[in-house]
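Notes to accompany the following structure.
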Amino acid sequence: MKQTKGSLRIYRIVFIPVLFLLILILFRWYSGENSKRIEDQNRGYAADSARQIANHVEDELSNGLSRIKTYADFLGKSLSEPRVTAQMLSDMEKNSIFDGFRFVDAKGLNHAADGQTSIATDRDYYLNGMKGESGISIILESRITHEAMVGFYSPVYYQGDIIGVLRGVYWEKEYMQDMLSVSYFGKDAGMFFCMEDGTIIAGSGGQHYTGNLSECLLRYQMIGLDTTKKLRAAIKNKQEETVIPVPEGKIDNICVFPLLEGEYTLIQTFPESVTQNMV
Numbered sequence: 032m033k034q035t036k037g038s039l040r041i042y043r044i045v046f047i048p049v050l051f052l053l054i055l056i057l058f059r060w061y062s063g064e065n066s067k068r069i070e071d072q073n074r075g076y077a078a079d080s081a082r083q084i085a086n087h088v089e090d091e092l093s094n095g096l097s098r099i100k101t102y103a104d105f106l107g108k109s110l111s112e113p114r115v116t117a118q119m120l121s122d123m124e125k126n127s128i129f130d131g132f133r134f135v136d137a138k139g140l141n142h143a144a145d146g147q148t149s150i151a152t153d154r155d156y157y158l159n160g161m162k163g164e165s166g167i168s169i170i171l172e173s174r175i176t177h178e179a180m181v182g183f184y185s186p187v188y189y190q191g192d193i194i195g196v197l198r199g200v201y202w203e204k205e206y207m208q209d210m211l212s213v214s215y216f217g218k219d220a221g222m223f224f225c226m227e228d229g230t231i232i233a234g235s236g237g238q239h240y241t242g243n244l245s246e247c248l249l250r251y252q253m254i255g256l257d258t259t260k261k262l263r264a265a266i267k268n269k270q271e272e273t274v275i276p277v278p279e280g281k282i283d284n285i286c287v288f289p290l291l292e293g294e295y296t297l298i299q300t301f302p303e304s305v306t307q308n309m310v
């Protein structure tokens, strides 16, 4: 009996700590797996949400280009002489979803609806439009308003000849910022509409970065150097990609989406704090 009690006492002394250690190991394994699952879910959710916004932005750009072609065609057919006045532009603005209209005459003088003018002989919309091309032109600083704008252009014909280029424009602050706004569980994420090289055109509300996005995120210690290199490569590749940062900053993942066959890029930065709260 004494031997049995002694064996039981030894068994308890050995077994209980081992059992506790096994439980601890299993708990840590489960916690790690659960954290990884939450991180993967958040990254998938962030990518899906960003993809929807990318599709919406791309649709808006395509629709804007289609609209300006229609306006330019209508304007050309309505002219009684080869001349577009500020009053014509003002009348068009009253019934348009564009924030404003501009007309560049054949000499390269850019006319606004309020009568202001600027030289546009070096602008791509003038050079391409006078060749008969239509397209999208991003102006980071307007020579009239000194603001960033998203513009769509198309040539205006009068009796078969191009007499100038019509532009429909959206102000960046009023148009793009609202479209780019996104939040997750009450936390705002960064959404950026960029040129093909990553130069920021517009950002979601409260994002005041200017210049190249990867350089800005590095400068403000949102990501580290290794992640910066990954982001630059993703932008250069012009393919949909999710960049997982090295644990060195304040961002959990970065979604990169090329728009219009790589002419522009939409980039979303997902806050690390959201993932940490979920975990």
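Numbering-wise (this note's numbering), the sequence shown opens with residue 32 and increments by one.
Built from N, CA and C at the ideal position, the CB exists for glycine as well.
- DSSP places Arg154 outside both helix and strand once states are collapsed to three, so it counts as coil.
- Here Lys218 carries a strand assignment [DSSP, helix/strand/coil].
- By the Cβ neighbour-count rule, Val88 is buried, with 16 or more other Cβ atoms within 10 Å of its own.
- Its Cα nearest to that of Met123, the residue Ala144 stands out among Leu248, Arg114 and Ala144.
- Secondary structure at His142: strand, using DSSP grouped into helix, strand and coil.
- With a 10 Å radius around the Cβ and a threshold of 16 neighbouring Cβ atoms, Glu292 comes out exposed.
- The beta-carbon distance between Gly234 and Gly221, rounded to whole angstroms, is 7 Å. This is short enough to meet the 8 Å contact definition.
- The bridge partners DSSP lists for Pro278 come to none.
- Here the alpha carbons of Lys269 and Ser121 stand approximately 39 Å from one another.
- Ala265 and Thr296 have their C-alpha atoms spaced approximately 10 Å apart.
- A Cβ-Cβ distance of about 7 Å is found for the pair Ser165 and Ile99, placing them in contact under the 8 Å criterion.
- Between Phe183 and Gly95, the gap from beta carbon to beta carbon is short of 8 Å.
- In the three-state reduction of the DSSP assignment, Met180 falls in the strand class, which pools E and B.
- Residue environment: Phe129 is assigned as buried (16 or more neighbouring CB atoms within 10 Å of its CB, all protein chains considered).
- Separation of His142 and Pro278 (C-alpha to C-alpha, rounded to the nearest whole angstrom) is 51 Å.
- DSSP, reduced to helix, strand and coil, places Tyr188 within a strand of the structure shown.
- Arg133 sits close to Val200, with the two beta carbons spaced by under 8 Å.
- Leu110 and Asp219 have their C-alpha atoms spaced approximately 48 Å apart.
- Put simply, the backbone Cα of Thr241 is about 16 Å away from that of Thr259.
- For the pair Ser127 and Thr101, the Cα-to-Cα distance works out to about 12 Å.
- Spanning the alpha carbons of Tyr251 and Thr300 requires a straight line of approximately 13 Å.
- Ranked by Cα distance from Phe288, the options Lys267, Gln208 and Asp104 are led by Lys267.
- The beta carbon of Gly139 is closer than 7 Å to those of Ile150, Ala151, Thr152 and Tyr157 in its chain, skipping five residues each way along the sequence.
- Judged by DSSP in its simplified three-state form, Val213 adopts coil rather than helix or strand.
- Annotation: Thr116 to Leu256 spans about 52 Å, alpha carbon to alpha carbon.
- Straight through space, the alpha carbons of Glu203 and Gln118 are spaced by roughly 24 Å.
- For Ile170, same chain residues with a beta-carbon under 7 Å away, outside a window of 5 residues either side, are Ala179, Met180 and Gly182 in chain order.
- Of the candidates Gln208, Ser304 and Gln72, Ser304 places its Cα closest to the Cα of Gly217.
- Measuring C-alpha to C-alpha distances from Ala103 to each of Asn86, Arg74, Asp71 and Val196 identifies Val196 as the nearest.
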